[in-house]
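Reviewing the structure listed below.
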Amino acid sequence: MTTPRDLLIIALDTAASRPLERGDLSLALAGAELLDLLNAQAITLDDEHIVPGYRPPLDDRLLDEAAAALVRQAPYESVDDWLWRRGRGLAASYLAALEADGQLTRQREGRRPFRTTRSVLTDSPARWQAAYRRSSEEPVLTALAQAMGIHDEQAANHPENTPDNTPDPPDDVATVLAALHDALSHLEFERQRRALHDAAFDNIWRGD
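In terms of numbering that gives the first Met the number 0, the sequence shown has 176 at position 177, counting the first letter as 1, and numbering is strictly consecutive.
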């Protein structure tokens, strides 16, 4: 399993208590792909630009697609540009991959004619692995989950797990995480701006 798949499983496991925006999830998955490619030495970062290296064998189809999608000519793509380009619709691609692998099923809800479906994780080894990485507070996965607002309340209650005691990530990892935080903040700002615009438009029609 890869970090993006583990992150998606964690997000789905917490969706009932904290609904997540698809756009946020897609950006985070694109960031997780970069971190796995860094770990595989398929890329390096030159300041904030992604420099492709050799193409290692990658067992995961979507991660291999990510490696193939890298810009291989200078000037190289920035981390921020990658998040927005690669992240477009990425959550749907990973959801489809989990479903194709039998790790996700569709559960029907409601009565006809208004029956809907929701995605439900199966009890699989992939789900156990993601849960183990989360419970063991694996730094990269934990940082990605926290960027999306997913926090482990049990871990947060332990003083040794406070931010002051958390080791700083390597520079390249910190660069990706910082770019992800900025992208998520920008996306949230745009949501709020559109909500205010729509509310003002509604007030005009109501004569408020």
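We put the CB at the ideal spot given by N, CA and C, even for glycine. All values derive from a computational prediction rather than experimental measurement.
Alpha carbon to alpha carbon, how far is residue j from residue i? Give it in angstroms, no decimals.
i: I42; j: D35; result: 9 Å
i: T2; j: S92; result: 15 Å
i: L7; j: L195; result: 30 Å
i: D63; j: E189; result: 31 Å
i: V50; j: D170; result: 15 Å
i: A10; j: R132; result: 13 Å
i: Q256; j: A129; result: Residue 256 lies beyond the residue range present for the chain, which begins at 0 and ends at 207; the question has no answer from this structure.
i: D12; j: L120; result: 8 Å
i: R4; j: R105; result: 18 Å
i: G22; j: I149; result: 15 Å
i: Q191; j: L19; result: 15 Å
Using a Cβ-Cβ cutoff of less than 6 Å, which residues in the same chain neighbour residue i once the five nearest sequence positions on both sides are dropped?
i: R193; result: none
i: S118; result: L103
i: S65; result: Residue identity differs from the one stated: residue 65 is Ala in this sequence, not Ser. Contacts found: E32.
i: A29; result: L82, R85, G86 and L89
i: L37; result: D171
Tell me which residues share the same chain as residue i and place their Cβ nearer than 7 Å to its Cβ, disregarding the 5 neighbours each side in the sequence.
i: A146; result: A27, L176, L179, H180 and L183
i: G52; result: Q40, A41, I42 and T43
Hey, could you find the ends of the alpha helix (DSSP H) residue i is sitting in?
i: T43; result: From DSSP, T43 is part of no alpha helix (DSSP H) but of the beta strand (DSSP E) over I42 to D45.
i: I149; result: Premise fails: I149 is in no alpha helix (DSSP H) and is neither H nor E.
i: Y131; result: P124 to S134
i: T71; result: Reading off the sequence, residue 71 comes out as Arg, not Thr. It is not in any alpha helix (DSSP H) - R71 carries neither H nor E in the DSSP assignment.
i: D3; result: First, the residue type needs correcting, since residue 3 is Pro and not Asp in the sequence shown. Where P3 is concerned, the enclosing alpha helix (DSSP H) stretches over T2 to T13.
i: S92; result: L89 to A99
i: S77; result: Careful: S77 lies outside any alpha helix (DSSP H) and carries neither H nor E.
Tell me the residue span of the beta strand (DSSP E) that contains residue i.
i: P51; result: H48 to P51
For residue i, which residues of its own chain have a beta-carbon under 8 Å away from its beta-carbon, when the five flanking residues on both sides are left out?
i: E47; result: S77, V78, D79, T174 and A178
Subject >> Given 8 Å, three or more beta-carbon pairs between the stretch 116-131 and the stretch 50-69 >> reply: No, because fewer than three Cβ pairs between the stretch 116-131 and the stretch 50-69 fall closer than 8 Å, the two stretches do not touch.
**OP:** Evaluate contact between the stretch 172-188 and the stretch 68-76, counting only Cβ atoms and requiring at least three cross-stretch pairs below 8 Å.
**Re:** Taking a contact to require three or more Cβ pairs closer than 8 Å, the stretch 172-188 and the stretch 68-76 do not qualify as touching.
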